[in-house]
């Protein structure tokens, strides 16, 4: 097969990503990254092997769910995560609006749907359905129907995002039905609190949702879920972000 | 013919130095920003070095390295607005708003068409090489690129009318 060249396409693409001849190769960067990850891997092997294993298992399970899966277009039509490119898990329910609010003068919408895998998928979108811009995030998790002490199925799942395009950093999540308040402990020693919101009836899941914002540059270290009378239902510990966030 | 095992560091370094700007350009097209592209190239090569002992010679060293860089660029693109998750699976972020017609048209292409397009026009790879990187036959690469070309031309026609 002879390789073809489409001059029109070439000329169209040329300006989109111009060559960056001004950037010089830096092999030292490659070696530094290699050694940094080797050191970090060795440290995590010696310190947190059981936790690491659970994370790997969770990742395998999530990957298996995601392979070839696309969101049912009819159910999620219009939302950015319904784009087939996101490979979002297939929907078994309508996408429903769980909560709306305003942070830093910008409105947001928290949506959720039930995936065919049994997971609950949630997405936070700055603005509403028409928004396809930065700042949004979505992910899926399995939430136990009742309180559990199983480390592989925590009663709270947390997703962080934002800190982009003028939209603040945030954590959103789902929790078992007994969790009525969450406390998000941040890396600067402060805490953010939120009441949980019941899942809309048409979502048909025994879960509640929450959304909290926090200032750029800090990250959640722990999220604690409490019942109406203040009893701790469960807590999840978060790892520091893998990359630093550039704050505006 | 006996397949080779493992890659020498010097061989990976030679690929890096020789093709640096092509890797950078393709990574930027995938990752969406110059900074993320630079990170992706360096991460991709670090990944290639880390796993070089598992190289079995089923494909060329260049193909192996291209896959590492493309995977790293995709990883840079996806978690751009998500720093970490807990108790959750993979997370997704919305794409940037398209600022131009052509960018919008390219963004709308299926992932494999888009990557094949970037490898053809930003890395100047021939169909054989693209096929090795994307695990496709050269004929399939040709068909994939034809579809991408047609989609881009259609989009331009729509704009003109």
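Protein chains in written order, with this note's numbering: chain P, 2 to 249; chain F, 3 to 163. Here a beta-carbon is modelled for each residue, glycine too, at the ideal position from N, C-alpha and C.
Its chain contains 51, 54 as the residues whose beta carbon lies nearer than 8 Å to that of residue 11 (chain F), once the 5 sequence neighbours on both sides are disregarded; these appear in chain order.
Taking C-alpha positions only, residue 22 (chain F) is separated from residue 109 (chain F) by approximately 24 Å. Going by DSSP, residue 21 (chain F) is part of the alpha helix (DSSP H) stretching over 11-33. In chain order, 150 place their CB closer than 6 Å to the CB of residue 119 (chain F), counting only its own chain and leaving out the 5 sequence neighbours on each side. If you draw a straight line from the Cα of residue 3 (chain P) to the Cα of residue 128 (chain F), it is about 8 Å long.
A direct Cα-to-Cα measurement between residue 25 (chain F) and residue 48 (chain F) gives close to 14 Å. Against chain P, the beta carbon of residue 59 (chain F) has no neighbour under 9 Å; the closest one sits roughly 22 Å away. Contact annotation: residue 43 (chain F) and residue 29 (chain F) have beta-carbon atoms nearer than 9 Å. Taken through DSSP and simplified to helix, strand or coil, residue 63 (chain F) comes out as helix. Burial is judged here by how many other beta carbons sit within 10 angstroms of a residue's own beta carbon; residue 99 (chain P) has at least 16 and is buried. Of the other Cβ atoms in all chains shown, fewer than 16 fall within 10 Å of the Cβ of residue 230 (chain P); this residue is therefore exposed. Look at the segment 25-39 of chain F: the residues with a C-beta under 7 Å from a C-beta of chain P are 26, 27, 30, 31, 36. Ranked by Cα distance from residue 160 (chain P), the first of P:223, P:190, P:182 is P:223. Annotation for residue 98 (chain P): the continuous beta strand (DSSP E) segment containing it runs 97-104. In the structure shown, residue 5 (chain P) falls within a coil segment according to DSSP collapsed to helix, strand and coil.
At a Cβ-Cβ threshold of 9 Å, residue 115 (chain P) and residue 204 (chain P) count as neighbours. Counted as a single uninterrupted DSSP element, the beta strand (DSSP E) harbouring residue 182 (chain P) occupies residues 182-187. Distance between residue 128 (chain P) and residue 95 (chain P), taken at the CA atoms: about 19 Å. In its chain, beyond the 5 residues on either side, 136, 169, 170, 171 have a beta carbon closer than 6 Å to the beta carbon of residue 163 (chain P). Residue state for residue 109 (chain P) is assigned as strand, using DSSP reduced to three classes.
Against chain F, a Cβ distance below 7 Å from residue 10 (chain P) picks out 123, 151, 154. For residue 131 (chain F), the uninterrupted alpha helix (DSSP H) segment begins and ends at 129-136. At a beta-carbon threshold of 9 Å, none of the residues of chain P lie near residue 159 (chain F); the nearest stands roughly 12 Å away. Residue 111 (chain F) and residue 153 (chain F) do touch by the CB rule: their CB atoms are close to 6 Å apart, below 8 Å. With a threshold of 9 Å between beta carbons, residue 143 (chain F) makes contact with chain P. Listed along chain F, the residues sitting closer than 7 Å to residue 26 (chain P) by beta-carbon distance are 18, 19, 22. Taking CB atoms only, residue 18 (chain P) has a neighbour in chain F less than 9 Å away. In summary, no residue of the segment 58-78 of chain F has a CB separated from any CB of chain P by less than 8 Å. The DSSP-derived three-state label of residue 92 (chain P) is strand. At a cut-off of 9 Å between beta carbons, residue 2 (chain P) contacts chain F. In the structure shown, the three-state DSSP call for residue 118 (chain F) is helix. The DSSP-derived three-state label of residue 200 (chain P) is coil. Remark: C-beta atoms of residue 198 (chain P) and residue 211 (chain P) approach each other more closely than 9 Å. For the C-beta of residue 13 (chain P), the chain F residues within less than 7 Å are, from N- to C-terminus, 104, 154.
At a C-beta separation below 7 Å, residue 15 (chain F) has these neighbours in chain P: 28.
Taking each of P:34, P:219, P:175 in turn and checking the Cα distance to residue 193 (chain P), the smallest one comes out for P:219.
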